[in-house]
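For reference, the structure is listed below as structure tokens.
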Amino acid sequence: MVRSTTAVELKGITKRFPGLVANDNINFELKKGEIHALLGENGAGKSTLMNILFGLYQPDEGEIWVNGNKTVIDGAGKAIELGIGMVHQHFKLVQPFTVAENIVLGNEPSKVGFLKYRKANQRVRDLSERYGLKVDPQMRIKDITVGMQQRVEILKTLYRGADILIFDEPTAVLTVQEIEELIEILRSLSAEGKSIILITHKLKEVMALADTVTVIRRGKVIRTLPTSETNERHLAELMVGRDVNFQVEKSKQEPGDVVLSVDSLQMKGEQSKNVLDGLGFEVRAGEILGIAGVDGNGQSELVYAITGMRSVNGGSIKLNGKDITNRTPREVSVAGVSHIPEDRHKHGLVLDFTLSENMILGNYFDPQFGKNGFIDFKAMDVLAQQLVTEFDVRGSGIHAKARSLSGGNQQKAIIARELWKNPDLLIAVQPTRGLDIGAIEYVHKRLVEARNQGKAILLVSFELDELYALSDRIAVMYEGRIMGEVDVDNRDDQQLGLMMAGDAAAAATAEGRK
Amino acid sequence: MNTMRKIFDKSSFLVPLVAIILGLLCGALAMYAGGYDPWLAYSSLLKKLFGSPYDIGEAIRAITPLIFTGIAVAFAFRTGLFNIGADGQFIMGMTGATIVGVTLDLPWYIHAPLAIIVGGLFGGLWAALAGYLKAARGVNEVISSIMLNWIALFLSNYIVGTYLVLEGQQKSKPLHESSLVTIKWLSESMGNARMHWGTLIALLGLIVFYVVLWRTKKGYELRAVGLNPNAALYAGMNVNRTIITSMFISGVFAGLGGVFEILGVFGYQTVMASSWGYGFDGIAVALLGGNTPIGVFLGAILFGGLSYGSAGMSFGADVPPEIVRIVIGSIIFFVASHGLVKFFLKPFMARRSGKSKSEGGGAR
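Protein sequence lines correspond, in order, to chains F and D.
Going from the first sequence to my numbering is simple: count from 1 and add 267.
Going from the second sequence to my numbering is simple: count from 1 and add 2.
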């Protein structure tokens with residue numbers, strides 16, 4: 268038999284769920300040694316297809332060929348046997364176990380029932396050296412970074428002898444630096460002859476990494492083409508099905524009075540280290556101040572401090588000249604601050620409340636939603652209906668639980684609620700995290716509109732593109748301080764990267780260039 | 003109204019019903035294996051429950067405290083707290099009522115309400131203590147309230163045995179007539195069953211439970227804190243104060259359960275070797291009822307009815323008390339194991355929905 272050059276071939280895969288065709292006659296071919304991106308918006312059917320390949324779902328129609336042989340994959344065990352490994356978006360690791368223990372889990376080197384730790388550690392060390400995946404086998408998962416945890420997931424699949432690796436949205440949880448490291452890892456894996464499927468909705472990664480890309484929309488394959496013959500704009504069009512506007516329309520605008528002024532803010536962390544360390548800045552009416560920085564440099568704490576969710580140990584926060592330092596979240600909100608939180612599930616919504624109930628979260632005490640301690644459900648529903656219509660929040664109506672909405676619609680609901688409060692200051696943290704292109708476009712448009720109406724906006728984001736697209740000024744945060752500001756008109760990622768890593772010289776140059 | 007609709011979907015009736023039947027079958031099996039007549043036993047149980055006005059009255063008497071403790075536990079659950087200390091709060095409620103009933107002598111229209119209020123406050127404050135410890139110091143309410151149960155038991159024994167004791171007896175002096183809330187005319191017409199106004203208050207309590215949690219702003223806060231304390235903080239709610247409030251309200255309900263056992267049933271308080279366990283049964287009632295007002299009501303009826311009626315099984319069919327407990331246990335087991343019952347029901351449910359689908363297709 269001729270050695271096949273195809274690692275995986277899916278022929279005419281169809282998978283139906285009640286009321287939905289998740290995969291509709293999909294053909295997909297993964298060549299040996301290539302990186303093949305599977306691109307599509309949330310809910311396009313990427314994950315379903317991969318779950319079929321990994322044996323978690325059975326297709327209703329169609330055939331699966333692996334290494335030139337027709338097979339039926341009836342479970343993850345069979346998939347692993349065939350050399351297919353999956354790195355999930357949400358890692359499946361045992362937190363209190365060590366790296367080595369996690370990797371050998373399910374296939375432990377043992378002797379009469381006793382785990383041979385030294386052998387396990389050695390095997391993991393060998394693997395990690397061979398593929399250049401640096402990990403310490405004896406560290407515990409809960410003590411290592413997210414990027415490191417992902418490497419453990421990759422090693423786990425390699426340990427089980429996988430030749431075909433599926434990565435499900437691998438960069439969703441990583442920082443800029445970690446993404447670069449991951450890109451290196453994927454390249455070296457493919458150089459070692461591994462075949463890789465990359466599930467993603469990020470165009471940039473597809474262009475930077477993949478050899479081939481297959482675009483899926485509403486369960487159907489739209490096109491398969493080599494990345495050398497396409498560009499981001501074209502891919503976006505294929506993915507969304509219409510022309511996408513990357514550049515947000517934004518005219519120059521002279522900012523007004525100072526709305527938020529933060530001065531020498533101090534906040535103590537868990538250890539004695541200051542998470543906010545003498546930080547200060549101003550935001551004026553009608554401008555967007557972007558805060559750039561690597562995650563964990565005090566951005567969240569800054570937002571908690573301004574909104575009153577955590578108290579500070581020193582410094583002052585003023586809103587329209589009035590001191591709001593260490594006020595309660597309600598007092599800050601009433602004073603005119605709205606907050607689109609970083610984590611919409613943790614802070615932004617009560618997922619088991621109805622959409623309607625969520626629309627008054629943070630305003631429920633207002634007399635217009637009921638007097639004498641009772642809630643006026645009619646007033647609540649009227650508001651919810653109005654906001655849902657105005658902001659095009661799609662779901663099964665205002666009495667459906669917030670949990671049932673898609674991420675993009677949940678985010679729209681939060682933005683609707685926060686803008687409805689008509690704040691002087693809007694704090695938006697990672698406002699487009701996990702959203703697809705259509706929703707991102709919408710959120711950006713709304714934020715710029717709010718700015719044009721004269722609101723002061725503080726935007727915290729880890730996406731440089733987002734910061735440059737929206738901000739009037741960008742300040743870089745590092746270890747609880749503002750390193751300096753960069754010029755938004757002359758983008759220089761190199762310099763910004765250095766500042767985000769705490770390079771004072773780069774910050775000085777940036778100041779000079781302004 | 004939405005909440006009401008949610009409570010009344012199809013499976014919410016079917017599942018408990020099948021569970022009870024499975025439990026009865028299981029119990030029957032146990033009795034059959036032990037050489038007793040299940041049919042006779044179950045008919046004796048029903049006879050004990052509905053045989054005479056006296057039995058009906060006494061069954062209601064047994065159900066009443068379970069409604070109170072069921073509400074107490076369910077209320078706390080709804081706000082994200084596990085009030086395992088309802089038992090201690092129940093005892094504190096009894097003690098509060100006894101103190102007022104024995105030591106004061108007031109006209110009835112002041113005395114009884116005062117005893118009720120003081121008893122309720124005793125229970126509420128006892129629970130608020132656990133709430134305060136959680137809010138201020140992060141002490142897990144399960145541990146603190148379960149320990150407070152023991153403290154409540156011995157504290158009340160000490161108070162009764164030292165300050166209120168009836169000379170030479172292991173119980174308090176009788177309460178003044180003016181503090182009692184018995185319903186004489188009803189008792190007389192029901193063969194001297196111990197009927198009291200507490201039952202009515204318990205039913206009102208169910209309504210209060212619903213109105214407070216689902217109609218008021220305080221309830222909105224309480225539920226938000228229970229479902230997602232982080233979002234509650236974000237929304238400007240005082241999470242710690244809410245925890246204390248919730249425990250207090252929960253404790254008042256549990257305390258009232260104890261109050262009416264004293265004011266409505268006994269008229270005195272004994273020095274107890276161990277608690278009566280109404281607080282713990284309240285946990286089962288709340289869970290059986292899915293922490294909804296109607297569910298608690300039905301759960302209390304099932305639980306209270308079984309415990310009262312089971313006496314009839316020993317009496318009428320010679321079933322030993324151990325086996326009676328097995329029967330009750332298996333019924334509760336199946337009612338609590340939603341998943342298991344749904345598993346049994348699945349083939350039937352699937353066939354039916356499959357059929358209705360194909361019918362729908364044909365109609366089109």
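Using N, Cα and C, we set each Cβ at its ideal position, and we do this for glycine too.
Go ahead and pull the three-state DSSP assignment for Asn232(D). helix
Rounding to the nearest angstrom, what Cα-Cα distance links Arg484(F) and Gly312(F) in this structure? 8 Å
Strictly below 9 Å CB to CB, what residues from chain D border Thr592(F)? Ordered by position in chain D, no residue passes the 9 Å Cβ test against Thr592(F), which lies about 16 Å from the chain.
Output needed in chain order: residues of the segment 100-127 of chain D with a Cβ under 7 Å from some Cβ in chain F. none
Using beta carbons (cut-off 8 Å, strictly below), is Leu613(F) in contact with chain D? Before going further, note that residue 613(F) is Lys rather than Leu in the sequence given. Yes, Lys613(F) counts as interfacial toward chain D.
At what residues does the beta strand (DSSP E) containing Ser531(F) begin and finish? Val525 to Lys535
By the 10 Å Cβ neighbour count, where 16 or more other Cβ atoms means buried, how is Ser457(F) classified, buried or exposed? buried
Give the residues of chain F in contact with Thr218(D), contact being defined as C-beta atoms less than 8 Å apart. Gly640, Phe641 and Ile642
Considering only heavy atoms of the ligand GDP, does any lie closer than 7 Å to the CB of Ala88(D)? Of ligands this structure carries none, so the ligand GDP is not represented either.
According to DSSP, residues forming a beta bridge with Trp332(F): Glu276(F) and Lys337(F)
For chain F, is any of its Cβ atoms less than 8 Å away from the one on Ala76(D)? no
Which partner residues of Ala559(F) appear in the DSSP bridge assignment? Val743(F)
Run down chain F in chain order and give the residues with a C-beta less than 8 Å from the C-beta of Leu224(D). None at all; the shortest Cβ gap to chain F is about 12 Å.
Please list, in chain order, the chain F residues whose beta carbon lies closer than 8 Å to that of Leu235(D). Met576, Pro596 and His614
Could you tell me the distance, in whole angstroms, from the CA atom of Gly364(D) to the CA atom of Ile280(F)? Its pLDDT being 35, under 50, Gly364(D) is placed unreliably by the model, and nothing is read from it.
As a quick exercise: from Gln356(F), Ala680(F), Thr424(F) and Glu624(F), pick the residue whose alpha carbon is nearest that of Asn374(F). Thr424(F)
Under a Cβ-count criterion, where at least 16 other Cβ atoms within 10 Å of its own Cβ denotes burial, should Ala276(D) be classed as buried or exposed? Correcting the residue identity first, residue 276(D) is Ser in this sequence and not Ala. Ser276(D) should be labelled exposed.
Mind checking Asp659(F): buried by the 16 CB within 10 Å criterion, or exposed? exposed
Does chain F have any CB closer than 8 Å to the CB of Gly2(D)? The question about residue 2(D) has no answer, for chain D in this structure spans 3 to 366.
By DSSP, does Met6(D) sit in helix, in strand, or in coil? Annotation note: pLDDT 44 at Met6(D) (below 50); position unreliable, no value reported.
Extent of the continuous alpha helix (DSSP H) run through His606(F): From DSSP, His606(F) is part of no alpha helix (DSSP H) but of the beta strand (DSSP E) over Val604 to Ile607.
Is Asn290(F) helix, strand or coil when you go by DSSP? strand
Which first and last residues belong to the beta strand (DSSP E) in which Asp89(D) is found? Where Asp89(D) is concerned, there is no enclosing beta strand (DSSP E), although the alpha helix (DSSP H) it sits in stretches over Ala88 to Thr105.
Count the other C-beta atoms from every protein chain shown that fall within 10 angstroms of the C-beta of Arg366(D), then say buried if there are 16 or more, exposed otherwise. Here Arg366(D) scores only 32 on pLDDT, less than 50, and its place in the model should not be relied on; the value that follows carries that caveat. Exposed, by the Cβ-count rule.
Count the other CB atoms within 10 Å of the CB of Val339(F); is the residue buried (16 or more) or exposed (fewer)? exposed
Counting contacts by CB-CB distance shorter than 8 Å, is Ser600(F) in contact with chain D? yes
Who does Pro493(F) pair with in a DSSP beta bridge? Thr479(F)
Please confirm if Asn232(D) has its CB atom under 8 Å from at least one CB of chain F. yes
Determine the direct distance from the alpha carbon of Asp759(F) to that of Met766(F), and round the result to whole angstroms. 11 Å
When we look at the beta-carbon of Ser147(D) and count the other beta-carbons within 10 Å, is it buried (16 or more) or exposed? buried
How big is the Cα-Cα spacing for Arg217(D) and Gly662(F)? 25 Å
Taking DSSP's pairing of strands, which residues face Ala723(F) in a bridge? Leu692(F)
What residue from Val20(D), Phe268(D), Asn230(D) and Met239(D) has the CA that sits closest to Arg594(F)'s CA? Met239(D)
Out of Ala772(F), Ala367(F) and Ser455(F), state which residue places its alpha-carbon closest to the alpha-carbon of Gly300(F). Ser455(F)
So, using beta-carbon positions, are Ala669(F) and Leu693(F) closer together than 8 Å? no
Is DSSP giving Leu543(F) helix, strand or coil here? strand
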